[in-house]
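Protein chains: 2
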Amino acid sequence: MADLALPELDPTSDRPVFKQIADHLREAIDRGALPPGAKVPSESQLMAHYGVARMTLRNALQILQSEGLTVAEHGRGVFVRSRPPVRRLASDRFARRHRERGKAAFIAETEDAGGKPSVDSIQIEETKAAADVAKRLGLAKGESVIVRSRRYLIDGHPVETAVSYIPSEIARGTRIAQPDSGPGGIYARLEEMGYRLNHFEEEIRCRMPLREEAKALRLAPGVPVFHLVRTAFADDGKAVEICDTVMSSDVYVLMYQLPAQ
Amino acid sequence: MADLALPELDPTSDRPVFKQIADHLREAIDRGALPPGAKVPSESQLMAHYGVARMTLRNALQILQSEGLTVAEHGRGVFVRSRPPVRRLASDRFARRHRERGKAAFIAETEDAGGKPSVDSIQIEETKAAADVAKRLGLAKGESVIVRSRRYLIDGHPVETAVSYIPSEIARGTRIAQPDSGPGGIYARLEEMGYRLNHFEEEIRCRMPLREEAKALRLAPGVPVFHLVRTAFADDGKAVEICDTVMSSDVYVLMYQLPAQ
DNA sequence: ACCTAGTACATGTATGTACGAGTGGAGGAG
DNA sequence: CTCCTCCACTCGTACATACATGTACTAGGT
């Protein structure tokens, strides 16, 4: 703790003690005195250093945690998070040339990056489309859709959940309604069936995860998620699929190319 | 509080009390019993209802706040956040046809959406490019860049901060190095100067804000930010500008179009 | 050599108290 | 009637204490 050089509290400051302590630790992290993976001094050590109550300290540590700077591990200590964004999604990831290699976008990308992709929790059901889904797909309210849910993992770590909706009229009885949708994924099947894909629209939000999302993606506290809704349009201008995905923000960097013209 | 129908605690559950309370309140919010803007029962009311200590309650409320579901207002109460995403950035926002209308992207978009755009804190300086900036701009380390910082507001509320970097060799002595960059913004100036823009690349991350960012954007606790870095490429393939922006996630939804081909 | 119990230490949960500080309404002074 | 003071209620900060629970290491027994 010596090299940390944590300053003393400033009793004249208006800033509350627990925030001052959080500032000191944050600064130490920024400065590199507490590099990623390093153990933050324990609560008792910090209590002794600052001469404050444990609650005050926990409030300070809570701030850092909610900022995503640290993770607490029960019984072990508090550690500085290391968050190397691993995956980048480029804007040509759904290009037909990739699909023709016979691999779904996620699989191809992950292997290219040297990771081991996997998919689990695949569930398929058929239900009436909810209002927003129906709207995006251009369906009448109450029309039926095939719902494909699954979770993507890289090297065993969950990174993304995805739920696709395809009009039942298109997908019923096809391989799209099977757990294994076959080489090239859903989009390859759609094209085989004559729905030549024209373009995609992606809508991106950023927010804190719901409880179930945090659980499914094993997110540390203070980690927000990308919420991405992609709509696939066929050549006739009709939407043929929408895919609702929630992605851990630690792992993803999204990349897009925009025309200037 | 009667219509809230908050359940009693389950003493047999393994789930800690403060999390159970958070669950109840979250459920009430989801259910609509606590609509956006509604006042959450005060700490003392909840203490009476559940028969727990104040700290326990504050822990529960802290969870909701860190999830971005509520905001506490000192002396008034805790309220359910209403967060209508207002702005959508379409992927053609930098199309030349908009630029030729003589308005910068932000101004045009905001006015179209019926808001009053403004820009403040405009600062211009010239410094040596940091490593990552130099790399993106294809400059040698230590080469000089013009740095334009500013903050964008809609109806007086800050929504985005942006910092642009342009090689000094290009921008020095031009209007780009002036606080008012003129009609159509930086990109219009670059094209006038013969750097015909070819395409843009955007790189999007999502994370919790730093303290200064939260302050500059007046973010409530539990609100993450989009961190977007755009690189503008001229027809010769060289990068002519990069723009590093931090956007409040409750105000923005980003939209992109991807080709299928 | 191996396994186990104990122990020290870490964070997690929960109670209680006290006072500070912002908000807004009630009620009295002018 | 208006203004202002005061008070009740809100959340914010900080203290002290207790016990629960997870982790890692050590000493001891088998």
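Residue numbers (this note's numbering), protein chains in the order written: chain C, 24 to 284; chain Y, 24 to 284.
Heads up, the beta-carbon is just placed ideally off N, CA and C, and yes, glycines get one too.
Three-way DSSP call (helix, strand, coil) for residue i in this model
i        : result
Glu149/Y : strand
Leu160/C : helix
Gly23/Y  : Since the first residue shown for chain Y is 24 and the last is 284, residue 23/Y is missing from the structure and cannot be characterised.
Glu31/C  : coil
Gln280/Y : strand
Tyr275/C : strand
Tyr188/C : strand
Ala200/Y : helix
Ala25/Y  : Confidence in Ala25/Y is poor, its pLDDT being 45 and thus under 50, which makes the residue's placement too unreliable to answer from.
Ala194/C : helix
Asp37/Y  : coil
Ala136/Y : coil
Ala154/Y : helix
Ala131/Y : helix
Enclosing alpha helix (DSSP H) for residue i [first to last residue]
i        : result
Phe117/Y : Taken as a continuous stretch (DSSP letters only), Phe117/Y belongs to no alpha helix (DSSP H), as it is neither H nor E.
Ile86/C  : Arg77 to Ser89
Gln68/C  : Glu66 to Tyr73
Arg49/C  : Val40 to Arg54
Glu123/Y : Element bounds for Glu123/Y: n/a, residue is neither H nor E.
Ala237/Y : Arg234 to Ala239
Cβ pair residue i, residue j closer than 8 Å
i        : j        : result
Arg49/Y  : Leu84/Y  : no
Arg159/Y : Ile265/Y : yes
Leu213/C : Leu112/C : no
Ser204/C : Leu242/C : no
Val252/Y : Asp273/Y : no
Val156/Y : Ser172/Y : no
Ala200/Y : Ile130/Y : no
Tyr279/C : Tyr279/Y : yes
Gly100/Y : Val63/Y  : yes
Glu132/Y : Val269/Y : no
Tyr188/Y : Ala255/Y : no
Cβ of residue i within 8 Å of any chain Y Cβ
i        : result
Arg230/C : yes
Ala69/C  : The sequence as given places Leu at residue 69/C; Ala does not occur at that position. Chain Y contact via Cβ: absent.
Pro34/C  : no
Arg119/C : yes
8 Å Cβ cutoff, residue i in contact with chain C
i        : result
Phe129/Y : no
Pro30/Y  : no
Pro247/Y : yes
Ala51/Y  : no
Met24/Y  : Any answer about Met24/Y is weak, because its pLDDT of 46 lies below 50 and its placement is not dependable; what the coordinates show is given next. No, Met24/Y does not count as interfacial toward chain C.
Ala136/Y : no
Val101/Y : no
Ala154/Y : no
Met216/Y : no
His222/Y : yes
Glu183/Y : no
Ser272/Y : yes
Ala283/Y : yes
Glu235/Y : no
Tyr73/Y  : no
Residue span of the beta strand (DSSP E) that contains residue i, given as start and end
i        : result
Tyr175/C : Ser167 to Ile177
Arg212/Y : Where Arg212/Y is concerned, there is no enclosing beta strand (DSSP E), although the alpha helix (DSSP H) it sits in stretches over Gly208 to Glu215.
Leu251/C : Val248 to Ala257
Leu220/C : Leu220 to Arg230
Leu112/C : Arg110 to Leu112
Any non-hydrogen atom of the ligand HEM within 7 Å of residue i CB
i        : result
Gly245/Y : Judged by which ligands are present, the structure shown has none, so any question about the ligand HEM falls away.
Practice item. Determine, using beta-carbon pairs with one atom in the stretch 26 to 33 of chain Y and one in the stretch 120 to 134 of chain Y, whether at least three such pairs fall under 8 Å. Key: no
Practice item. Specify whether the stretch 217 to 229 of chain Y and the stretch 133 to 140 of chain Y touch according to this definition: at least 3 beta carbon pairs, one from each stretch, less than 8 Å apart. Key: no
Check your understanding: Counting Cβ pairs closer than 8 Å, one from the stretch 188 to 201 of chain Y and one from the stretch 163 to 178 of chain Y, do we hit at least three?
Key -> yes
Point to revise | Contact the stretch 229 to 242 of chain Y vs the stretch 74 to 82 of chain Y: 3+ CB pairs below 8 Å | key: no
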